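Under the numbering used here, the first residue of the sequence shown is numbered 190, with each subsequent residue one higher.
Every residue, glycine too, gets a C-beta built ideally from N, C-alpha and C.
Here the structure is a predicted model, which means the values were calculated and not measured.
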Amino acid sequence: MLDKKMFGIFKHRVLDRKVPLVRGFDDLFPAPHSRHMHIERQDIEKVPDLEIIAESDEAGIYIFGTKDGKKIFVTGHSEYDPNTLKEEYERDLAKGMDIQIPVNYFLDDDPSKPPLVQWRSHANLLYTNWLNYYVYQVTPFDLNGNSE
Numbered sequence: 190m191l192d193k194k195m196f197g198i199f200k201h202r203v204l205d206r207k208v209p210l211v212r213g214f215d216d217l218f219p220a221p222h223s224r225h226m227h228i229e230r231q232d233i234e235k236v237p238d239l240e241i242i243a244e245s246d247e248a249g250i251y252i253f254g255t256k257d258g259k260k261i262f263v264t265g266h267s268e269y270d271p272n273t274l275k276e277e278y279e280r281d282l283a284k285g286m287d288i289q290i291p292v293n294y295f296l297d298d299d300p301s302k303p304p305l306v307q308w309r310s311h312a313n314l315l316y317t318n319w320l321n322y323y324v325y326q327v328t329p330f331d332l333n334g335n336s337e
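Structural data, given as structure tokens:
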């Protein structure tokens with residue numbers, strides 16, 4: 190568990206460009222996080238079948254998976270809509286929780302201003318790559334209409 194919630198948009202870097210899941214990703218890419226948990230690098234490195242695919246200096250490990258690509262784990266929330274972190278922030282404030290403003294999310298880090306959506310293209314690429322390389326390409330299909 191983290192002392193405080195990992196909350197906001199953080200820059201990540203790809204560690205292994207040969208992994209099809211991150212094909213087309215920029216050197217640095219943003220992704221939303223909203224979590225209380227943390228995965229230690231050494232815990233993943235102890236498991237020979239796992240590899241770290243992308244990480245952040247601030248947010249830690251973002252994507253890891255089995256080397257055969259059959260299991261992929263994402264610690265952030267690429268699927269978030271533009272207002273999801275705003276709604277979480279407002280919800281937690283309304284509950285009287287001690288919550289920080291989501292990092293790198295609102296224009297000028299001011300919650301009265303709109304969110305800056307900067308993760309959408311990489312989120313789409315992540316899911317497109319996953320569907321193409323890890324689902325579609327490995328699913329047996331018979332052109333006669335009989336799937337195996």
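- Looking at F214, D246, M226 and E279, the one whose alpha-carbon comes closest to that of Y316 is F214.
- Residue nearest to H227 within the set L296, P237 and M195 is M195 (criterion: CA-CA distance).
- When the beta-carbon positions are compared, L274 and I198 come within less than 9 angstroms of each other.
- Distance from the Cα of L210 is smallest, within the candidate group T328, D331, I241 and D270, for I241.
- Under DSSP, K200 takes part in a beta bridge, and its partners are P219.
- The beta carbons of A243 and F218 sit closer together than 9 angstroms.
- Looking from the CA of G265, the closest CA among Y251, K259 and L204 belongs to Y251.
- In the structure shown, L305 adopts coil according to DSSP, grouped into three states.
- Taking 9 angstroms as the cut-off, the beta carbon of H311 is found closer than this to the beta carbon of S267.
- Between W308 and P221 the beta-carbon gap is near 6 angstroms, inside 8 angstroms, which marks them as a contact.
- The continuous stretches of beta strand (DSSP E) do not include E276, which lies in the alpha helix (DSSP H) extending over residues T273 to A283.
- Taking C-beta separations shorter than 6 angstroms and ignoring five residues to either side along the sequence, the partners of Y269 in its chain run P221, following chain order.
- DSSP places Y251 within a strand segment (E or B) once states are collapsed to three.
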